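Residues 350 to 490 (this note's numbering) are what the sequence shown spells out, left to right.
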Amino acid sequence: MKKVPEKLGVLAEYKAIKKTLKGIVYESVEPQEFGEGWHRMNEDYGLEKNEWLSSLFLDSARWVPIYVRAVFWARMSTTQRSESMNAFFDEYVNSKTSLRQFVEQYDNALRSKVEKENKADFDSLNSSYQLMTSHYFGKQF
Numbered sequence: 350m351k352k353v354p355e356k357l358g359v360l361a362e363y364k365a366i367k368k369t370l371k372g373i374v375y376e377s378v379e380p381q382e383f384g385e386g387w388h389r390m391n392e393d394y395g396l397e398k399n400e401w402l403s404s405l406f407l408d409s410a411r412w413v414p415i416y417v418r419a420v421f422w423a424r425m426s427t428t429q430r431s432e433s434m435n436a437f438f439d440e441y442v443n444s445k446t447s448l449r450q451f452v453e454q455y456d457n458a459l460r461s462k463v464e465k466e467n468k469a470d471f472d473s474l475n476s477s478y479q480l481m482t483s484h485y486f487g488k489q490f
């Protein structure tokens, strides 16, 4: 949605299109409602041949809230998830990485992540913490 002004800002009915698009994306309750609203918007504003909107629709299952609600993301927004994944891979790949190198580095990244999680689990299980209060519920942990 960040690129909407850049990609659609030149259109005469930009404000109405943006309002309609936001309503479809954020207020749809069912995937069918989203799809119908999207197609109606394209017809109403003559956007059927807009390549950018077409590509957005093809990837909608990855970013539209109605499709990703069932996935637990710990209250992270789509931007935060994307930035988190980018940061995760930044130390392993770059724009000049070949496909073969990417696969190898992807494997390395996952292995490193598993090792860090295992170490954190070990440290957690083998550590004791001084209680700040003497309440019974604190002693349970």
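Idealized CB from N, CA, C, for every residue including glycine.
Here the structure is a predicted model, which means the values were calculated and not measured.
query                                                                                             : result
Cβ distance (whole Å) where K468 is taken to contact W401 below 8 Å                               : K468 to W401, Cβ: 44 Å. No contact.
Close Cβ partners of A458 (< 7 Å) along its chain, the five nearest in sequence each way excluded : F437, F438, Y441
DSSP-derived helix/strand/coil call for V442                                                      : coil
Nearest to E491 (by Cα), restricted to the options T446, Y416, K364, Q450                         : Examination of residue 491 is not possible in this model, given that the chain is present from 350 through 490 alone.
Boundaries of the alpha helix (DSSP H) in which K351 is found, first to last residue              : Per DSSP, K351 belongs to no alpha helix (DSSP H) and is neither H nor E.
Within 8 Å, strictly: CB atoms of I373 and G386                                                   : yes
Terminal residues of the alpha helix (DSSP H) in which A458 lies                                  : 448-474
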